[in-house]
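Colleague:
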Amino acid sequence: YRDASIEDMSEDILNYLKQGKKVAIVFNTVRAAQEAYRKWRDILGKERLLCYHSQFIMKDRQAKEGVLLKKDEKGRPKDYDLVIATQAIEVSLDISFDIMFSECAPLDSLIQRAGRCNRYNLDGDYCFIVFPASEIAQKYVYKGSETILERTLHILKQNQKWLREDELNQMLEYVYDGFDLAS
1 YRDASIEDMS
11 EDILNYLKQG
21 KKVAIVFNTV
31 RAAQEAYRKW
41 RDILGKERLL
51 CYHSQFIMKD
61 RQAKEGVLLK
71 KDEKGRPKDY
81 DLVIATQAIE
91 VSLDISFDIM
101 FSECAPLDSL
111 IQRAGRCNRY
121 NLDGDYCFIV
131 FPASEIAQKY
141 VYKGSETILE
151 RTLHILKQNQ
161 KWLREDELNQ
171 MLEYVYDGFD
181 LAS
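If you use our numbering, the sequence shown closes out at 183, no skipped numbers anywhere.
This is the structure we're talking about:
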């Protein structure tokens, strides 16, 4: 977890890209993803940059998924160096990134997102970095889930390390303690 905005980490992102790393930035809102895409398009151009979210029409979304799933030998996007996405990237995409920056979300969502970082458990330097949730995400996306978001942030700050599955399960139990998940 880094207590900094994604804008404050732009230099880090550029450095990872210069090293040949495949990077993803995941936001909680389509608007934030679109704004970030425009910013990075101005910096990098659009040839090796992809924006992926749920508000594309089905035909365009399927086309984006098709090109995103063209992978290199490490299972990373072959044609894209930087992918800016929303939670749409959490499920059903068999794709891997070297570095992933994610806006804070409930822990189970972060675990799904992290599953796209070094998906194939290869040797090398891989990193999953969480940054604070925007006020808009807190107010609208996670309205009614403030406690879950607060607990997620608390437990992330306490666990700044590689995590085993049993540790993740314990963290999930902490985050969702007292919540009826069956309804």
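Just so you know, even glycine gets a beta-carbon here, dropped at the ideal spot from N, CA and C.
1) Name the residue from 58, 161, 147 whose alpha carbon lies nearest to the alpha carbon of residue 177.
2) When burial is assigned at 16 or more other CB atoms within 10 Å of the CB, is residue 40 buried or exposed?
3) Following the continuous alpha helix (DSSP H) through residue 146, name the residue where it begins and the one where it ends.
4) Is the distance from the Cβ of residue 156 to the Cβ of residue 107 below 9 Å?
5) Exposed or buried, which one is residue 76 when buried takes at least 16 other CB atoms within 10 Å?
6) Alpha carbon to alpha carbon, how far is residue 93 from residue 150? Give it in angstroms, no decimals.
7) Among 115, 142, 141, 59, which residue has its Cα nearest to the Cα of residue 165?
8) Once the 5 residues before and after residue 84 are set aside, which same chain residues still bring their CB inside 6 Å of it?
9) Go ahead and label residue 133 buried or exposed: buried means 16 or more other beta carbons lie within 10 angstroms of its beta carbon, across all protein chains shown.
10) Buried or exposed: where does residue 137 fall if 16 or more other Cβ atoms within 10 Å of its Cβ makes it buried?
11) Taking a contact to mean a Cβ-Cβ separation below 9 Å, would you say residue 152 touches residue 104 in this structure?
12) Within the continuous alpha helix (DSSP H) that includes residue 58, where are the two ends?
13) Measure the alpha-carbon distance for residue 55 versus residue 31 and round it to whole angstroms.
14) Quick check: residue 90 and residue 62, are their CB atoms within less than 9 Å of each other?
15) May I have the straight-line CA-CA distance separating residue 125 from residue 23, to the nearest angstrom?
16) Identify which residue in 7, 109, 172 has its Cα closest to the Cα of residue 86.
17) Under the three-state reduction of DSSP, which class applies to residue 175: helix, strand or coil?
18) Report the three-state DSSP secondary structure of residue 18 (helix, strand or coil).
19) Just to check my reading of the structure: residue 68 and residue 80 have Cβ atoms closer than 8 Å, yes? What is that Cβ distance to the nearest angstrom?
Modeller: By the coordinates alone:
1) That would be 147, whose Cα lies nearest to the Cα of residue 177.
2) Residue 40 counts as buried, since at least 16 other C-beta atoms from the protein chains shown sit within 10 angstroms of its C-beta.
3) Counting along the chain, the alpha helix (DSSP H) containing residue 146 begins and ends at 146-158.
4) Pairing residue 156 with residue 107 gives a Cβ-Cβ distance under 9 Å.
5) By the neighbour-count rule (16 or more Cβ atoms within 10 Å), residue 76 is buried.
6) Those two C-alpha atoms are separated by around 28 Å.
7) Looking at the Cα atoms, 115 is the closest of the given residues.
8) Here the set comprises 25, 33, 36, 37, 51.
9) By the Cβ-count criterion, residue 133 is buried, with 16 or more other Cβ atoms from all chains shown falling within 10 Å of its own Cβ.
10) Buried is the label assigned to residue 137, since at least 16 other Cβ atoms lie within 10 Å of its Cβ.
11) With contacts defined by Cβ atoms closer than 9 Å, residue 152 and residue 104 form a contacting pair.
12) Residues 58-68.
13) So the two alpha carbons sit approximately 10 Å from each other.
14) One thing to note: residue 90 has its Cβ no nearer than 9 Å to the Cβ of residue 62.
15) Looking at the two C-alpha atoms, the distance is approximately 12 Å.
16) If we check each option's Cα against that of residue 86, 109 comes out closest.
17) It is helical.
18) Residue 18 falls in the helix class under three-state DSSP.
19) Contact annotation, residue 68 with residue 80: C-beta distance approximately 7 Å; criterion of less than 8 Å satisfied.
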